[in-house]
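Under UniProt numbering, the letters of the sequence shown match residues 1 to 243, in that order. Every residue, glycine too, gets a C-beta built ideally from N, C-alpha and C. Let me begin by presenting the structure, written as structure tokens, before commenting on it.
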Amino acid sequence: MTIQNTSSAVMSQRRSPPRALDYFPTPPWATRALLEHVNIRAGSGGQGEGMVPWELLTAWEPACGEGHMARVLAERFGKVVASDVFDYGIGASVYDFLGAGGLAAAPPPVERPDFIITNPPFSVGQAFVERALEIATHGVAMLVRTAFLESADRYDLFKTHPPSAVAQFSGRVPMVMGRLDPAASSATAYCWIVWRPPVLKWARDKYGHTGIIAPHLFWIPPDARARLERPGDYPAQAEGGLL
Ligand SMILES: C[S@@+](CC[C@H](N)C(=O)[O-])C[C@H]1O[C@@H](n2cnc3c(N)ncnc32)[C@H](O)[C@@H]1O
């Protein structure tokens with residue numbers, strides 16, 4: 001489905017996912033930080049053609065949960081397609097992004113989106129990145145724990161597919177399982193990692209490898225939350241409960 005701001009509908013039809021699905025909703029301001037601080041459209045117009053306007057670009061949020069990230073993406077992108085393996089009752093497509101199980105035969109909700117942007121389940125984060133890099137035509141952005149950058153298991157992922165940017169949050173992004181809680185605290189550090197499939201292809205075609213790509217590492221300022229939080233980001237709270 002193409003996402004709209006459906007927060008009140010989310011409240012009334014709420015369904016709880018199994019714990020194994022790692023449902024950690026993203027505070028909306030953390031997605032706005034990507035759109036504001038990371039130039040994800042760079043190069044979208046091709047050489048010398050500037051950037052494609054937001055309204056012409058499509059983003060797929062393939063692990064959308066209750067749509068907290070997808071709704072923010074819709075503030076800029078012309079079209080946002082939202083799906084999840086679990087039906088959270090928001091009207092998003094039910095689709096297994098990793099193609100496992102009985103949903104594998106289902107057609108994807110969108111064929112070749114310009115961007116794939118999500119907060120993947122930690123346990124299958126690498127598989128999400130690899131799949132997204134096969135599909136997105138312009139960019140992949142993943143909000144992950146900063147610890148995702150380490151581990152021998154992911155060495156080959158980053159060597160073969162070097163990101164174009166790593167945007168580290170200076171402040172904490174409080175995420176808790178199963179609910180969006182503005183009062184939550186967190187001891188976990190997060191960053192956005194951004195890949196550009198056309199740049200990876202260019203390097204492979206020209207040099208036979210991607211070692212030429214050096215990620216741009218920078219920091220999202222500590223005041224991001226204060227600047228980017230909006231009234232209505234936590235709508236259910238005003239009505240006595242949290243999503
Ligand atoms: C960390 S939560 C992110 C939720 C949402 N992106 C947000 O930020 O609010 C991970 C989500 O991945 C979904 N998920 C887990 N495995 C999946 C799969 N194979 N395909 C699609 N979605 C999956 C879960 O249901 C859960 O909603």
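State the DSSP-derived secondary structure class of G139, mapped to helix, strand or coil. strand
Sequence-distant residues of its chain with Cβ nearer than 7 Å to F86 (five each side left out): P17, L21
Relative to the alpha-carbon of P162, which residue among P182, L133, P120, P108 has its alpha-carbon at the smallest distance? L133
Validate contact between the stretch 27-37 and the stretch 146-155 using beta carbons, cut 8 Å, 3 pairs: no
DSSP bridge partner residues for T58 (one or two, in chain order): K79
Excluding the 5 residues preceding and the 5 following L98 in the sequence, name in chain order all residues of the same chain whose CB lies nearer than 6 Å to its CB. A127
Through-space distance from P174 to R225, alpha-carbon basis: 11 Å
Determine whether the beta carbon atoms of I135 and I116 lie at a separation below 8 Å. yes
Residues near A184 in its chain [Cβ-Cβ closer than 6 Å; skip 5 each side]: P174, V176
I want to check one thing, is the minimum distance from the CB of M69 to the heavy atoms of ligand 3 below 7 Å? Absence of ligand 3 is noted for the structure shown, with ligand 1 being the only ligands found.
Tell me whether E134 counts as near ligand 1, meaning its Cβ is closer than 7 Å to at least one heavy atom of that ligand. no
Among the residues of its own chain, which have a CB less than 8 Å from the CB of P222, if the five just before and after it don't count? S170, G171
Within 8 Å, strictly: CB atoms of T138 and P197: The residue asked about is misnamed: residue 138 is His in this sequence, not Thr. Against a cut-off of 8 Å, the Cβ pair of P197 and H138 comes out as a contact.
Does the beta carbon of A214 fall short of 7 Å from some heavy atom of ligand 1? no
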